[in-house]
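Notes follow once the structure below has been shown.
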Amino acid sequence: MFKKFNPKEDVSSSTSLKSSVQRNIRGQLLEQMPLLTKPAYREGGAEKKEEAAPAPAAEAAPAAEPEEEKGGKGGKKGGKGKGGGKKGKKADKEPEAEEADEGEVLVIDEIWPKKEALGLTKCYKMRPLFFNHYDGPFIPHLRLLHKYPDLLPQVQIDRGAIKFLLAGANMMAPGFLSKGGKLPDGLKKDDVVAIMAEGKESACGIGKMVASTEEIKKAGKGVAVEVICWVG
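Numbering (full-length UniProt numbering), first residue to last: 1 to 232.
Next up, the structure:
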């Protein structure tokens with residue numbers, strides 16, 4: 001559920017985004033959520049690496065050297081000599097492209113493949129990924145956050161505050177500062193956080209810090225996290 005969100009009023013018609021805009025969004029996501037730059041977990045990935053390990057031994061054959069000598073002998077025909085040099089350069093570049101293709105898939109590529117276009121509604125095959133309000137930070141959908149829990153820093157409310165969160169209320173400071181709550185140091189005002197709950201494994205909501213951790217702990221009361229969306 002989204003707080004104060006009406007699809008008919010808040011979502012414009014779906015239109016394709018330009019490639020430059022998509023690259024800009026991609027860059028903002030990578031900067032905002034470091035987890036997206038890490039390799040995605042794949043079953044059997046270790047086995048593939050072990051199988052690929054012996055490959056460098058096959059590259060040791062220096063068969064290319066006699067071709068370079070032939071290019072040198074054809075000195076009168078400079079065109080052939082130059083052509084031979086270009087072929088050598090292409091041969092050097094091809095393995096790099098193969099290594100990039102066979103490399104590890106990043107989390108961002110698993111969520112949003114490069115060849116897949118996005119629309120203005122920030123949806124891919126009708127599956128919401130991220131959303132933002134005007135020029136605000138990009139916020140992952142709760143389902144995406146459940147799949148990648150470390151996308152956002154986590155705060156935790158105690159059991160008594162769960163019913164208020166599920167009703168869409170903002171989270172008060174006592175819910176984080178009590179025995180069952182957690183409020184990590186270093187969080188700043190306007191940071192987007194995953195709201196965990198005491199005794200629950202997955203995030204129950206997403207919110208925005210109203211003040212820094214130090215300011216909230218010093219005050220000890222008032223609103224600490226403005227709730228953006230929650231389960232329900």
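Idealized CB from N, CA, C, for every residue including glycine.
The stretch 120-172 is shown to contain whole beta strand (DSSP E) runs of 3 or more residues at 154-157, in chain order.
The Cβ atoms of Ile162 and Cys204 sit closer than 8 angstroms to each other. Around Lys221, the same chain offers Ala173 as residues with beta carbons nearer than 6 angstroms, after the five sequence neighbours per side are excluded. The C-alpha of Asp109 lies about 27 angstroms from the C-alpha of Asp190. Taken through DSSP and simplified to helix, strand or coil, Leu187 comes out as coil. Per DSSP, reduced to three states, the secondary structure at Glu31 is helical. Taking the Cα positions, Met209 is about 15 angstroms away from Phe138. Close CB contacts of Ile111 within its chain, under the 8 angstroms cut and outside five residues either way in sequence, are with Leu36, Leu129, Leu144 and Tyr148 (chain order).
Between Val105 and Lys38, the C-beta spacing is not below 8 angstroms.
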